[in-house]
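In this text, residue positions in the sequence shown follow the working numbering: the first is 481, and each later residue adds one. Virtual Cβ for every residue (Gly too), placed ideally from N, Cα, C.
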Amino acid sequence: MYMTFNIITLGCKVNAYESEFIKEQLLKNNFKYEKSYKTSDIVIVNTCSVTNMADNKSFKMIRDVRRDNPACIMVVCGCSAENHKDDMPDVYIDILIGNRDKSKIVSIIKEYLISNKTYVKFYEGRNSEFEDMKVEEFEDRTRAFIKIQDGCNNFCSYCIIPYVRGNIRSKDINKAIEEIEELVNNGHKEIVFTGIDTGNYGRETGKYNLVDLIRAISKFDKLERIRVSSIEITSIDDEFIKELKNNKKLCGHLHVSLQSGCDKTLKAMNRKYNTKEYLDKIKKIRKVRPDINLTTDVIVGFPGETEEDFKESVEFCKKVGFSKIHVFPYSKRKGTRAATMPDQVDNATKKERARELIKIDEDLQKEYYSKFKGEEVEVLIEEVKNGVSIGHTENFIKVEIKGKLEENTNYKVKVMKAYSDYVTGKVIK
Ligand code: SF4
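Spelled out as structure tokens, the structure:
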């Protein structure tokens, strides 16, 4: 007789990778995956704490699980658990851990099944070793994720992540290469790096860095695309830009968090660059990759942000010409420096500023996508839905093509129409 399980994942790609690992481990240990959490014997909630809203969603999920499935064994882990270990929702949680020991969840569950005793474990201090995990295959045949890094040492004044994810640490380069080789041999043509501060991969070792890893895996013939999902502007150095120029497998899509386009606000945020340094690097990148898809995050209504500061930030965003801005009204995180700063901005102003920036973002997006009208692009097909084939270009433009094309295959496509977040295309014979 086997037991069933379901995993609910909130938050970022790092959490998604870790959940995938937990799922694979449970399957290997004869647990069966069940589609609905309502009918599973075991439910794992992998929580997120990046904003107050993320905490609220995580808490709601925990309550929903207990309400809809009172008899299940509930396992709660992740950032919200780490951040709120002492004030979790008032429902029964069988196993409660933070971000460490996720790789041991199977043995913790097995131990629980024997002892039937509530299991709660957290560690003191930020420092720990990189917790090795390995995912062999992803459901998505095209794209595979690999967590190469964890933790952050930047302590931006608004961010809780360094407290809940700990110090920077990296996956050993040989293990990373081995894992990627296996994923490529299993048919994945695109590798996406994930991490909390991916750009700092390996730096603490003093032996290797992100570019070394990119170069090493570029040698795999069957690997067509390497995606660095997110990178800090301070991690983009000449070596990385040179790689962008020379290595066609390295995708032309970078998510480079700006957070504010106003120097005064950047300083208060404890970001380690100013707008001039940011723009100079972007210009260097555009020189080697003119079509690069540059996306970013911007916080509006940070403590002390005046109307003039906000306008400065908006003007800077337009100057950079992002293709997508994820706009976040500042969210006060207990335990961070910004939470106690004077001149907190009221909610109505934050909402108004967010609305204004979102409008600008829509214009910038349209502008970027319309540049590709009539262009020839290469599309890696990911799925076919209702007679439409869907895939992305190397610079992460979503392309829809009428008709059934072969999944996980590259096609040369002419862009016919451009919308604000996707384009339509026709295969070139
Ligand atoms: S770089 Fe800043 S915003 Fe990003 S995780 Fe680290 S502290 Fe948070």
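> Any idea what DSSP makes of Phe808, helix, strand or coil?
Replying inline: Reading the sequence shown from its first residue, position 328 is the one you call residue 808. Strand at Phe808.
> Can Ile588 be considered in contact with the ligand SF4, in the sense that its beta carbon sits closer than 8 Å to one or more heavy atoms?
Replying inline: Translated into positions along the sequence shown, residue 588 becomes position 108. Ile588: no, Cβ never under 8 Å from the ligand SF4.
> In this structure, does DSSP put Phe625 in helix, strand or coil?
Replying inline: The residue labelled residue 625 in the question sits at position 145 within the sequence shown. In this structure, Phe625 counts as strand in the three-state DSSP scheme.
> Since Thr531 is in the alpha helix (DSSP H), which residue starts that stretch and which ends it?
Replying inline: Residue numbering aside, residue 531 sits at position 51 when the sequence shown is read from its first letter. Run containing Thr531: none; DSSP gives neither H nor E here.
> What is the DSSP secondary structure of Phe720, counted as helix, strand or coil?
Replying inline: Taking the sequence shown and counting its residues from 1, the one referred to as residue 720 is at position 240. Taken through DSSP and simplified to helix, strand or coil, Phe720 comes out as helix.
> Tyr559 lies in the alpha helix (DSSP H); which residues open and close that run?
Replying inline: Within the sequence shown, the letter at position 79 stands for residue 559. For the record, residue 559 in the displayed sequence is Cys; it is not Tyr. It spans Cys559 to Asn563 - the alpha helix (DSSP H) in which Cys559 sits, taken as one unbroken run.
>> Here's the rule: buried if 16 or more other CB atoms are within 10 angstroms of the residue's CB, otherwise exposed. What is Pro642?
In response: Mapped onto the sequence shown, residue 642 falls at position 162. Pro642 sits buried, since 16 or more C-beta atoms from the chains shown fall within 10 Å of its C-beta.
> Residues in its own chain within less than 6 Å of Lys752 by CB, not counting five upstream and five downstream?
Replying inline: Stepping through the sequence shown from its first residue, residue 752 is reached at position 272. If you ignore the 5 residues before and after Lys752, its C-beta comes within less than 6 Å of the C-beta of Thr714, all in its own chain and listed in chain order.
> My guess is that Val525 and Ile542 are in contact by the Cβ rule of under 8 Å, so how many angstroms apart are they, rounded?
Replying inline: Working through the sequence shown from its first residue, we reach residue 525 at position 45. Working through the sequence shown from its first residue, we reach residue 542 at position 62. That belief holds up - the Cβ atoms of Val525 and Ile542 are roughly 6 Å apart, short of 8 Å.
>> Let me check understanding here. Comparing Cα to Cα, which of Met749, Lys722, Glu684 and Thr484 lies closest to Lys761?
In response: Position 281 of the sequence shown, counted from the start, is the residue given in the question as residue 761. Ranked by how close their Cα comes to the Cα of Lys761, the residues Met749, Lys722, Glu684 and Thr484 have Lys722 in first place.
> the ligand SF4 heavy atoms versus the CB of Cys632: any closer than 8 Å?
Replying inline: Here residue 632 refers to the residue found at position 152 of the sequence shown. Yes - the ligand SF4 has a heavy atom lying nearer than 8 Å to the Cβ of Cys632.
> From Lys512 to Asn866, what does the alpha carbon distance come to, in whole angstroms?
Replying inline: Counting from one through the sequence shown, the residue named residue 512 turns up at place 32. Counting from one through the sequence shown, the residue named residue 866 turns up at place 386. Approximately 30 Å between the Cα atoms of the pair.
>> Our contact map puts Thr674 next to Ile626 with C-beta atoms below 8 Å; I'd like the distance itself, whole angstroms only.
In response: The residue given as residue 674 occupies position 194 in the sequence shown. The residue given as residue 626 occupies position 146 in the sequence shown. About 7 Å separates the beta carbons of Thr674 and Ile626, which is inside the 8 Å limit, making them a contact pair.
> Say the cut is 8 Å; is the CB of Asp535 nearer than that to a heavy atom of the ligand SF4?
Replying inline: Here the question's residue 535 lines up with position 55 in the sequence shown. No, Cβ of Asp535 sits at least 8 Å from all heavy atoms of the ligand SF4.
> Rounded to whole angstroms, how far is the Cβ of Ile676 from the Cβ of Gln629, which I believe are closer than 8 Å?
Replying inline: Your numbering for residue 676 matches position 196 in the sequence shown. Your numbering for residue 629 matches position 149 in the sequence shown. Rounded, the Cβ-Cβ distance is 7 Å, consistent with contact.
> If you measure from the CB of Phe673, is any heavy atom of the ligand SF4 nearer than 8 Å?
Replying inline: Working through the sequence shown from its first residue, we reach residue 673 at position 193. Because no heavy atom of the ligand SF4 lies under 8 Å away, the Cβ of Phe673 does not count as near it: no.
>> Short of 6 Å in beta carbon distance, which residues of its chain neighbour Tyr913, apart from the five on each side in sequence? Order them along the chain.
In response: One cannot answer for residue 913 here, as it falls past the ends of the chain, which runs 481 to 909.
>> So, with DSSP's three-state summary, where would you put Ile553?
In response: As a position in the sequence shown, residue 553 is number 73, starting the count at 1. If DSSP states are grouped into helix, strand and coil, Ile553 belongs with the strands.
> Taking 8 Å as the cut-off, is the CB of Ile573 close to at least one heavy atom of the ligand SF4?
Replying inline: On the sequence shown, residue 573 is found 93 positions in, with the first residue counted as 1. False, no ligand heavy atom lies under 8 Å from that Cβ.
> Do three or more CB pairs link the region 571–587 to the region 642–655 at distances below 8 Å?
Replying inline: Yes, the region 571–587 touches the region 642–655.
>> Looking at the ligand SF4, does it come within less than 8 Å of Gln629, judged from the CB to the closest heavy atom?
In response: Residue 629 sits at position 149 when you count from the first residue of the sequence shown. No; taking the cut-off as 8 Å, the Cβ of Gln629 has no heavy atom of the ligand SF4 nearer than that.
> Does Lys878 get closer than 9 Å to chain D when you measure Cβ to Cβ?
Replying inline: Among the chains of the structure shown, chain D does not appear; only one protein chain is present.
> Hey, would you say the C-beta of Ile641 is under 8 Å away from at least one heavy atom of the ligand COA?
Replying inline: No copy of the ligand COA appears in this structure; the ligands present are the ligand SF4.
> Rounded to a whole number of angstroms, what is the C-alpha to C-alpha distance between Ser650 and Thr489?
Replying inline: If you number the sequence shown from 1, residue 650 lands on position 170. If you number the sequence shown from 1, residue 489 lands on position 9. Rounded to the nearest angstrom, the two C-alpha atoms are 22 Å apart.
> Do you know how far the Cα of Val530 is from the Cα of Lys882?
Replying inline: For the purposes of this step, residue 882 is taken as residue 402 along the sequence shown, with counting starting at 1. For the purposes of this step, residue 530 is taken as residue 50 along the sequence shown, with counting starting at 1. Here the C-alpha atom of Lys882 lies approximately 38 Å from the C-alpha atom of Val530.
> DSSP state of Thr598, grouped into three classes?
Replying inline: As a working mapping, residue 598 is identified with position 118 in the sequence shown. The answer is coil: DSSP assigns Thr598 none of H, G, I, E or B.
>> Let me confirm a value: Leu507 is counted as buried when at least 16 other C-beta atoms fall within 10 Å, else exposed. Which label applies?
In response: Residue mapping note: residue 507 aligns to position 27 of the sequence shown, counting from 1. Taking a 10 Å sphere around the C-beta of Leu507, we find fewer than 16 other C-beta atoms and assign the residue as exposed.
> Just the Cα atoms here: how many angstroms apart are His910 and Tyr592?
Replying inline: Residue 910 falls outside the range modelled here, since the chain spans only 481 to 909, and no answer is possible.
>> the ligand SF4 and Cys528: does the residue's C-beta get closer than 8 Å to at least one heavy atom of that ligand?
In response: Position 48 of the sequence shown, counted from the start, is the residue given in the question as residue 528. Not under cutoff, so the answer is no.
>> Using 8 Å as the cut-off, can you tell me whether the region 739–748 makes contact with the region 776–784, which would need three or more C-beta pairs spanning the two stretches below that distance?
In response: Contact holds: three or more Cβ-Cβ distances are below 8 Å.
> What did DSSP end up calling Tyr517 once you bin it into helix, strand or coil?
Replying inline: Numbered from its first residue, the sequence shown carries residue 517 at position 37. Helix at Tyr517.
>> Bridge partners for Arg707 per DSSP, in chain order?
In response: Indexing the sequence shown from 1 puts residue 707 at position 227. Its beta-bridge partners are Val672.
> Roughly how many whole angstroms lie between the Cα atoms of Ser608 and Thr889?
Replying inline: What you label residue 608 is simply residue 128 of the sequence shown in a count that begins at 1. What you label residue 889 is simply residue 409 of the sequence shown in a count that begins at 1. When only Cα atoms are considered, Ser608 and Thr889 end up about 41 Å apart.
>> Any heavy atom of the ligand SF4 closer than 8 Å to the beta-carbon of Cys636?
In response: Within the sequence shown, residue 636 is the residue found at index 156, counting from 1. Relative to the ligand SF4, the beta carbon of Cys636 is positioned inside 8 Å of a heavy atom.
>> If you reduce the DSSP assignment to three classes, tell me which class Gly871 lands in.
In response: As a position in the sequence shown, residue 871 is number 391, starting the count at 1. Residue state, collapsed to three classes: strand.
> Does DSSP put Gly837 in a helix, a strand or coil?
Replying inline: Stepping through the sequence shown from its first residue, residue 837 is reached at position 357. According to the sequence provided, residue 837 is Leu. The question's Gly does not apply to it. Three-state result, Leu837: helix.
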